[in-house]
């Protein structure tokens, strides 16, 4: 029983991480109609920022350190996200999506290469402030996991409220539906795309912090695996759909956590996750919550 | 030999409970020029989509030359002898004009050649290619497109794109040709020219043609018989004169 | 007699220039090799260029001509490398002739990859764009994951499988010959009626179906064929090293192949070969010349080159500048498009104008249950 609870809670909190990253993919896809392959590397940037903050900053208590770390990380990631959009993607607005995809790949290489240049290729261990464990039912779960889950859910709810109720949020929906029409309605599409990148990157900064709770080490390619899994999660949920990304992320986290807890399956986790992705897409080619688009004949 | 080349029986389709087409009974004889008219949203293109297998009918059946084709795939229906054009032109835009027609000739038995023969450049490959090109040129001459054969399809003027689409459909050697608003967006001269070509196809290739048209003048000048659709149901049918003077049809067109 | 006449008519030098260049290159290299002018590192580089070019050409079939985005090409290569080299390891005990074993291994590796390519092709019938991209990526990763979990007796698991490294310079000759054959097969296919059908599917799938083209058949065929060549490249790769390890075939490698294809010009076979060789060469150059601390700058430099090239080639704002600089600008060459003579196929001109929006956005095939919002789509 206690293992089941801890597997579930770990799965949910891992799922929250994936969901936060997947939101970045899905929002950018929905609004800019591009696959931002460099999104995973924003997590890496966030992790290094946290690494620097935690290792160098000595202010009272673990909580304060973490708050400072996440603050810096959010700022740095947002600046990176927006800058990348300005330099690499904006000149290509209106060009073929494949060209934008390749540029995104280039940006991803660049971020990995530069961090390798600055910090070396080896993984650097990071001592995260210890938050201790708490008991839930019979299971002992680390506080970090619980924080991940709770903050993750708060962020997702906040994002949903933001999109539903603010002018900017509504403008984002409008741009994702029809860029041209939104422009005619006086919406500044470039600004909306910039805001989308900013929000996505900020969410990635949170994901970076939570990711380090689980694996306390940073390296230049840290972002690529969670990035690609989150991308898969976004597709499972139906790329472009925000609730879809949340659902897909949680699902992905649960699958991973369950597989890892069964010894016979643990080494096949990756294959099982991707296998389920393929299965879901074969049954529902638009993802779980994706919108159906039709070609007019 | 069946009495009618195309016969539909109670053909209908509904999209999520909404009946888009109901109880369509078309009877088209061989070598006939048959018109399908009706106001916007009447379901004319949906009839084409059913007949070419883009949608599967929810009710009813249809037969080509006595053979049932209901529920077959688009490819299969084309093999059986129905070819079409599209309301919003669908050419292979990045290919030259002649290659568009050669795609139409793809399935003709005289140009059969396996991919492996092509990959190894066996003599058969060259032979079929050359013959196929000659045949395509022949078809292009009929449509006055021979001079433009090496231009990209997307660079053709609008009227010629429409003609090319018909040429391409004809290249699949169909028994029945479906033309979806062939005169849409054409000027009077081009329309005149098109009417001539449609008649010529019918006579020279002994073709049966079903065409959708908005323009009643075009239809009445060209078609032997008509079916008028409105809101997915048959409003009237018969010769052009009869159908267009039907009070129901006048009401549907003028409103009232 | 007619046959011979037709062949004579069809044969044009400019369409076959690729092979002459490749064969001439091969001859020069063999002669240089005879005089001992080729060092070990140079032949290694040529082998790497060769199999990269095979990968790029075969991926170009899928991306450039079929118009589907595949991010799992390294997976097929992985399967080909493992199975082919495993087979070769066994066969070296049976057959004495090294070259014969390698050729057999390439066939075996190619066939296994073909089967996998066929399986990956199945979702391509239902999925498009990004959805297909992630599925192909997932397939590649699954293949890798499975090989990672094999025991040390079979495929070596995480430590990798040891292979017989092909000593001497024969391997580069075999690689170049294989490249020539692959290029020949791909180009013949693309220039035939089947190539026409494949590009027709890319340009407009609905119209292609209405022309009676068997879309299912061609999609599966192209996926399987491309996978087969990737498998062959994998076997060559395995023989150029002494171990095959699954972590060489991550999705990052698939992406690198895609980069070769895109930079070479989507739909251009010659471009694929040139850009594959160039990328391999630049990588080697950066690796050799940037020693010590500077070695780490390599990836960043490579990335900047990549970004600049793509932005320069594609940015709408830079189009005018580019047209001015470009030597091979078609608008300059053919002032009057009416006079283009291309009864014979000039493939260089056509397919680079691929409608990439359709490759990357999810347009779904309309074969599932219809929904109410489509009712009005009957007309207008």
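Residue numbers (the working numbering), protein chains in the order written: chain A, 7 to 303; chain B, 526 to 781; chain C, 273 to 652.
Cβ coordinates follow ideal geometry from the N, Cα and C atoms, glycine included.
Span of the alpha helix (DSSP H), counted from its first residue to its last, around residue i
i, result
"residue 770 of chain B", "765-770"
"residue 532 of chain B", "From DSSP, residue 532 of chain B is part of no alpha helix (DSSP H) but of the beta strand (DSSP E) over 531-540."
"residue 587 of chain B", "Looking at the DSSP string, residue 587 of chain B is not in any alpha helix (DSSP H); the run it does join, the beta strand (DSSP E), is 584-589."
"residue 560 of chain C", "541-561"
"residue 139 of chain A", "Element bounds for residue 139 of chain A: not the alpha helix (DSSP H) but the beta strand (DSSP E), 139-142."
"residue 741 of chain B", "741-747"
"residue 9 of chain A", "8-38"
"residue 652 of chain B", "648-667"
"residue 305 of chain C", "289-306"
"residue 492 of chain C", "487-512"
"residue 717 of chain B", "713-730"
"residue 589 of chain C", "Premise fails: residue 589 of chain C is in no alpha helix (DSSP H) and is neither H nor E."
"residue 199 of chain A", "195-220"
Environment of residue i [buried if 16+ CB atoms lie within 10 Å]
i, result
"residue 296 of chain C", "exposed"
"residue 386 of chain C", "buried"
"residue 395 of chain C", "buried"
"residue 611 of chain C", "In this prediction, residue 611 of chain C scores a pLDDT of 36, lower than 50, which makes its location untrustworthy; the coordinate-derived value is nonetheless stated afterwards. Answer is exposed; the Cβ neighbour count stays below 16."
"residue 653 of chain B", "buried"
"residue 641 of chain B", "exposed"
"residue 532 of chain B", "buried"
"residue 46 of chain A", "buried"
"residue 527 of chain B", "exposed"
"residue 419 of chain C", "buried"
"residue 775 of chain B", "exposed"
"residue 73 of chain A", "exposed"
"residue 300 of chain C", "exposed"
"residue 52 of chain A", "buried"
"residue 208 of chain A", "buried"
"residue 61 of chain A", "exposed"
"residue 86 of chain A", "buried"
Candidates the options, of which the one nearest residue i by Cα
i, options, result
"residue 635 of chain B", "B:623, B:581, B:682, B:698", "B:698"
"residue 313 of chain C", "C:361, C:441, C:431", "C:441"
"residue 683 of chain B", "B:618, B:628, B:583, B:633", "B:618"
"residue 217 of chain C", "C:548, C:541, C:481, C:376", "The question about residue 217 of chain C has no answer, for chain C in this structure spans 273 to 652."
"residue 434 of chain C", "C:359, C:366, C:443, C:549", "C:359"
"residue 661 of chain B", "B:632, B:680, B:693", "B:693"
"residue 148 of chain A", "A:8, A:137, A:10", "A:137"
"residue 246 of chain A", "A:22, A:38, A:18, A:19", "A:38"
"residue 388 of chain C", "C:495, C:592, C:559", "C:495"
"residue 347 of chain C", "C:502, C:573, C:514", "C:502"
"residue 93 of chain A", "A:16, A:116, A:102", "A:116"
"residue 287 of chain A", "C:483, C:319, C:589, C:404", "C:404"
"residue 493 of chain C", "C:466, C:525, C:573, C:350", "C:466"
"residue 291 of chain C", "C:523, C:527, C:453, C:572", "C:453"
Span of the beta strand (DSSP E), counted from its first residue to its last, around residue i
i, result
"residue 755 of chain B", "750-755"
"residue 562 of chain B", "558-562"
"residue 148 of chain A", "145-148"
"residue 186 of chain A", "That residue, residue 186 of chain A, is in no beta strand (DSSP E); its alpha helix (DSSP H) goes 185-190."
"residue 544 of chain B", "543-549"
"residue 528 of chain B", "Premise fails: residue 528 of chain B is in no beta strand (DSSP E) and is neither H nor E."
"residue 735 of chain B", "733-738"
"residue 607 of chain B", "607-609"
Inter-residue CB distance, residue i and residue j (contact presumed, cutoff 8 angstroms)
i, j, result
"residue 238 of chain A", "residue 406 of chain C", "6 angstroms"
"residue 727 of chain B", "residue 556 of chain B", "7 angstroms"
"residue 763 of chain B", "residue 547 of chain B", "About 20 angstroms separates the two Cβ atoms, so there is no contact after all."
"residue 690 of chain B", "residue 616 of chain B", "6 angstroms"
"residue 345 of chain C", "residue 583 of chain C", "25 angstroms between Cβ atoms; not a contact."
"residue 661 of chain C", "residue 342 of chain C", "Residue numbering for chain C in the displayed model covers 273 to 652; residue 661 of chain C lies beyond these limits and cannot be assessed."
"residue 705 of chain B", "residue 570 of chain B", "6 angstroms"
"residue 374 of chain C", "residue 511 of chain C", "6 angstroms"
"residue 549 of chain C", "residue 325 of chain C", "6 angstroms"
Inset, instruction - Scan the region 118-134 of chain A for residues whose Cβ lies nearer than 8 angstroms to a Cβ of chain E and list them as they occur along the chain. - result: In the displayed structure, chain E is absent; the protein chains listed are A, B and C.
Inset, instruction - Pull out every residue of the region 450-467 of chain C whose Cβ sits closer than 7 angstroms to any Cβ of chain B, in chain order. - result: Of all residues in the region 450-467 of chain C, those with a C-beta nearer than 7 angstroms to a C-beta of chain B are 457, 460, 461, 464, 465, 466, reading in chain order.
Inset, instruction - Closer than 8 angstroms, Cβ to Cβ, to anything on chain A: give me those residues from the region 553-587 of chain C, in chain order. - result: 568, 569, 570, 571, 572, 573, 574, 575, 576, 578, 579, 582, 583, 585, 586, 587
Inset, instruction - Select from the region 38-64 of chain A all residues with a C-beta closer than 9 angstroms to any C-beta belonging to chain C, and list them in chain order. - result: 39, 40, 41, 43
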